[in-house]
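In the UniProt record's numbering, the protein residues as written are 1 to 169.
By construction, the Cβ of each residue, glycine as well, lies at the ideal position given by its N, Cα and C atoms.
Quick caveat, the model's predicted, so the values are computed rather than measured.
Presented below is the structure to which this report refers.
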Amino acid sequence: LMLPPLCRVDNWLVDTGEEKPVHHGLSPFGKTVVEEMNRLGMIVDLAHVSVETMKVVLKLSKAPVIFSHSSAYSICQHRRNVPDEVLQLVVSTGGTGRAGAAGAAGGPRAQGCLPQASTGSLVMVNFYNAYVTCKDTATLSDVADHMDHVKKVAGAQAVGFGGDYDGVT
């Protein structure tokens, strides 16, 4: 479940970076939603949230999260890309030790619904020109630069390919 689409109308869960911060990351209800998503074994997607929201969720979540279609902010300074300070948090929050409530007795992992080993949090680099080069054109080499950067800062286990609902953006 991606947090931002739930808040497009009145921003009741998260700060997205598109407007003045209201919750400084997550509202109290947003924190409850993340905790419930962890309990249910759902993946939290941070692709459209503010940097402050990324940090709050990475510290709060008991399970790995994903950035389903983001890239490295150090290479392209687009507000939807992930800055190095957050990539460093991805390193500290990913991995099998973060199964949290999803692996608790009676939870989805314990019931055999989820794999026993977690791959950790993922930054799924996309192919959208605006996120890759901050220009109208991008090459596969530009995408690879983002993947290399995420690997360098967060580790190879944190890199993935990502796309929006149309498969590209």
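Item, Value
"Can you tell me whether Phe161 is buried or exposed, with buried defined as 16 or more other CB within 10 angstroms of its CB?", "exposed"
"Should Ser121 be labelled buried (16 or more other beta-carbon atoms within 10 Å of its own) or exposed?", "buried"
"Using the three-state DSSP reduction, which class does Asp164 fall into: helix, strand or coil?", "coil"
"Please state the DSSP three-state secondary structure of Val49.", "coil"
"Would you kindly check if the distance between the Cβ of Val150 and the Cβ of Leu87 is under 9 Å?", "yes"
"Candidates Val44, Lys20, Pro28, Gly25: which alpha carbon is nearest Val123's?", "Val44"
"Quick one: give me the first and last residue of the alpha helix (DSSP H) that Leu122 is part of.", "From DSSP, Leu122 is part of no alpha helix (DSSP H) but of the beta strand (DSSP E) over 122 to 125."
"So, using beta-carbon positions, are Gly153 and Ala72 closer together than 9 Å?", "The sequence shown places Val at residue 153, not Gly. Going by C-beta atoms, Val153 is nearer than 9 Å to Ala72."
"Within a Cβ cutoff of 7 Å, which residues of the same chain sit near Ala130, ignoring the five residues on either side of it in sequence?", "His78"
"DSSP on Ala144, reduced to helix/strand/coil?", "helix"
"Here's the rule I'm using: 16 or more other beta-carbon atoms within 10 Å means buried, otherwise exposed. How should Ala138 be labelled?", "buried"
"Straight-line CA distance for Val143 to Thr93?", "24 Å"
"Please report the straight-line C-alpha distance between Met42 and Ser74, rounded to a whole angstrom.", "29 Å"
"What does Val159 pair with, by DSSP beta-bridge criteria?", "Val123"
"How far does the alpha helix (DSSP H) with Val22 in it extend, from its first residue to its last?", "Counting along the chain, Val22 falls outside any alpha helix (DSSP H), and DSSP gives it neither H nor E."
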